[in-house]
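Note that my numbering numbers the sequence shown so that position 215 is 197, with each residue one more than the last. Even for Gly, the Cβ is constructed at its ideal location relative to N, Cα and C. Remember, predicted model here, so these are calculated numbers, not experimental data.
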Amino acid sequence: MKEIDIAIVGGGLAGLTAAIHLAGTGLEVCVFEKENYPHHKVCGEYLSREVIPYLESLEVNLYSYNPMNIGTLIYSNPSGKSIKTTLPQGGIGISRFLLDDILYRKAIQKGAQVITGTVNNIEFIDNKFQVSTPDGTKISAKIVLGAYGKRSLIDKKLDRDFIDKKTSWLAVKGHYKMEKYPENIVSLHNFNGGYCGLSKTETGVVNVCYLATYKSFKKHKDPKAYKSNVLSGNPHLNEFFKTATPLFEKDLSIAQISFEKKSRIQDHIIMLGDAAGLIHPLCGNGMAMAIHSAKLAAESILKHFKPSNFNREAMEKEYINKWDDAFSGRLETGRLLQKVLMHSSLAEISRHTLNIFPDLLPHIIKKTHGNPVL
């Protein structure tokens, strides 16, 4: 059985960024990803600028791909009343189809190996991991990073606390053509049962991604009916869907999304990105948090992973502390905002308050975003 330094389960933003960082230092890194690159993923496709300096330090220059520069947020409640504000740091609009592929190619360039396949088992025995796939591939690794997203069969095998708790959310994404949609705006529109984000990507198409409760969704047969009967109740969304042209034959979707607290370390596996904790999409910061979590993990590994003196306990403790410092406050703010926006009376009160005191909104946005990651 081949033995390597680090196995990464999941080749999304967190997994690939960690691979680039770690392989770039000479460590032997293998990434397991179930899909071939490039591919679409359910995602808001808005990346906060806070992680741009870190990506540039890894020799990933996203501006060379001409992403949309986004500096303005528009929020509306279900009745269509809206607020407009400047985003303190702003972000870029870039599709996951492109971004994941950029990171994949950079990881390969840095020396990481990428195996296309699903991991079905991870065992920790005698201070080493054995990672297995259904086709019989087995790799021994000293460290394993879990970067496989919001939920996986691995979570079930690891008996993670959140996996058996009921969840009432699903997410749906599609791309649309609408020439007149402004390039510098990300908009968030509340509807009865969820909220929907719209922003342009580097291709000029508008990415539409919404989060909905099962309670509101189950009354309708499919996303198309739900879009017509529920999302379009918001006048802004109604106008958009009347004039925009869908580009996907069928929208992408993810079910059973959980916002429960998750362990950052499980059976000595270091969890990254959504596998470690999921911020509500309305905060627009999930992509940046995934990339930032990869940095925290890589730095903790490089500090403690010494051939002559590997202190696993110290490495894990440092990562947990760094992760909590960076993200726990943002996650709590996200949970609070979600409760407010999903309660019609509270949402209207908050909108009215922000209309009177517009300077409050940038401060709220800052609570869900971090400082530039260097």
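Same chain, Cβ closer than 8 angstroms to residue i, neighbours up to 5 away in sequence not counted
{"i": "T119", "result": "I97, G99"}
{"i": "K197", "result": "S150, G175"}
{"i": "T7", "result": "L284"}
Run of the beta strand (DSSP E) containing residue i, from where it starts to where it stops
{"i": "Y192", "result": "188 to 195"}
{"i": "K219", "result": "The identity of residue 219 in the sequence shown is Leu, whereas the question assumes Lys. Looking at the DSSP string, L219 is not in any beta strand (DSSP E); the run it does join, the alpha helix (DSSP H), is 217 to 225."}
{"i": "H171", "result": "167 to 173"}
{"i": "T98", "result": "95 to 98"}
{"i": "S235", "result": "234 to 239"}
{"i": "M50", "result": "50 to 58"}
{"i": "G128", "result": "120 to 128"}
{"i": "F106", "result": "103 to 107"}
{"i": "K110", "result": "110 to 114"}
Through-space distance from residue j to residue i, alpha-carbon basis
{"i": "F292", "j": "D233", "result": "46 angstroms"}
{"i": "P228", "j": "K63", "result": "25 angstroms"}
{"i": "N48", "j": "L127", "result": "31 angstroms"}
{"i": "I247", "j": "Y57", "result": "36 angstroms"}
{"i": "G316", "j": "C265", "result": "6 angstroms"}
{"i": "P205", "j": "E298", "result": "41 angstroms"}
{"i": "L260", "j": "E41", "result": "27 angstroms"}
{"i": "A237", "j": "L152", "result": "4 angstroms"}
{"i": "L80", "j": "N220", "result": "29 angstroms"}
{"i": "Y301", "j": "H274", "result": "12 angstroms"}
{"i": "L213", "j": "E231", "result": "19 angstroms"}
{"i": "Q91", "j": "L(-5)", "result": "16 angstroms"}
{"i": "I2", "j": "L9", "result": "10 angstroms"}
{"i": "N211", "j": "Y192", "result": "14 angstroms"}
{"i": "A194", "j": "P289", "result": "48 angstroms"}
{"i": "S114", "j": "V154", "result": "31 angstroms"}
{"i": "R133", "j": "I239", "result": "8 angstroms"}
{"i": "I167", "j": "A272", "result": "22 angstroms"}
{"i": "D306", "j": "A258", "result": "10 angstroms"}
{"i": "G311", "j": "K201", "result": "35 angstroms"}
{"i": "P70", "j": "S61", "result": "27 angstroms"}
{"i": "Q320", "j": "M253", "result": "24 angstroms"}
{"i": "G72", "j": "G53", "result": "4 angstroms"}
{"i": "L278", "j": "A89", "result": "17 angstroms"}
{"i": "G131", "j": "K162", "result": "34 angstroms"}
{"i": "K209", "j": "S181", "result": "17 angstroms"}
{"i": "K224", "j": "H218", "result": "10 angstroms"}
Close Cβ partners of residue i (< 7 angstroms) along its chain, the five nearest in sequence each way excluded
{"i": "L4", "result": "I(-12), V11, A280, I283"}
{"i": "K359", "result": "Residue 359 lies beyond the range of the chain shown here (-17 to 356); nothing can be said about it."}
{"i": "Y86", "result": "G(-7), L(-2), Y19, V96"}
{"i": "A242", "result": "What sits at residue 242 in the sequence shown is Glu, not Ala. Contacts found: F144, K147."}
{"i": "G93", "result": "A5"}
{"i": "H22", "result": "R78, F79, L234"}
{"i": "S355", "result": "This sequence places Val at residue 355; Ser is not what is there. E32, V33, P35, Y36, H274, K277, listed in sequence order."}
Limits of the alpha helix (DSSP H) - the one that residue i falls within
{"i": "I135", "result": "The displayed chain sequence assigns Leu, not Ile, to residue 135. 135 to 139 is the span of the alpha helix (DSSP H), which, as asked, contains L135."}
{"i": "N211", "result": "205 to 211"}
{"i": "T(-1)", "result": "-5 to 5"}
{"i": "S282", "result": "268 to 286"}
Rounded distance between the beta-carbons of residue j and residue i, thought under 8 angstroms
{"i": "N172", "j": "N216", "result": "7 angstroms"}
{"i": "A270", "j": "V33", "result": "5 angstroms"}
{"i": "I104", "j": "V(-9)", "result": "7 angstroms"}
{"i": "K39", "j": "R142", "result": "Per the sequence shown, the amino acid found at residue 39 is Ser instead of Lys. Going by Cβ atoms, the distance from S39 to R142 rounds to 32 angstroms, so no, they are not a contact pair."}
{"i": "I125", "j": "F287", "result": "7 angstroms"}
Proximal residues to residue i (C-beta, below 6 angstroms), its chain only, five neighbours per side dropped
{"i": "P116", "result": "N102"}
{"i": "K66", "result": "I56"}
**Asked** How about the segment 19 to 35 and the segment 64 to 82: do they share at least three Cβ pairs that are nearer than 8 angstroms?
**Response** Yes: the two stretches touch, three or more of their Cβ pairs being nearer than 8 angstroms.
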